[in-house]
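Undergrad:
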Amino acid sequence: MRYVKSDEYGTDTACTVSDRVIRAVADREGVSPLDISTPLFDAIDPDALDRLYGNHGDGVTTVFEYSGYRVTVHGGGRVELGPIAE
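Residue 1 is where the sequence shown starts when you use full-length UniProt numbering, and the numbers rise one by one after that.
(1) Is there contact between the segment 62–80 and the segment 14–23, where contact requires at least three CB pairs shorter than 8 Å?
(2) Do V60 and V71 have their CB atoms nearer than 8 Å?
(3) Once you ignore the five residues that flank T11 on each side, which residues in its own chain have a CB closer than 8 Å to its CB?
(4) Using 8 Å as the threshold, is the C-beta distance between V31 and Y53 below it?
(5) Which same chain residues end up closer than 6 Å to G75 when comparing Cβ atoms and leaving out the 5 residues on each side of it in sequence?
Laid out in structure tokens, this is it:
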């Protein structure tokens, strides 16, 4: 089952793409972002991810595994969570 997490945090520039990934996983798990046991930097460099999408990353797609999910970040910063393919 796919879980799509759009930018529900508005256009607030304080909400980075790495923040959106963490919040999407936390929302999916029903926990606080502070309760996710795996740091994002174990999966991907959050600063590099934020720089990549700093100007909306139009035409860019990034896929990685994090906290039991296949995370896809699309241009504009839309975050999609899906199952990890086995």
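Note that the Cβ used here is the ideal one computed from N, Cα and C, for glycine as well.
Computed from a predicted structure; not experimentally measured.
TA: Checking against the coordinates, here is how it stands:
(1) Segments in contact, yes.
(2) When the beta-carbon positions are compared, V60 and V71 stay at least 8 Å from each other.
(3) The pLDDT assigned to T11 is 36, lower than 50, so where the model puts this residue is not dependable; a value taken from the coordinates is nonetheless given after this. Cβ-Cβ distances below 8 Å link T11 to nothing in the same chain once the five nearest sequence neighbours on each side are left out.
(4) Remark: C-beta atoms of V31 and Y53 do not approach each other more closely than 8 Å.
(5) Contacts found: G57, D58, G59 and V60.
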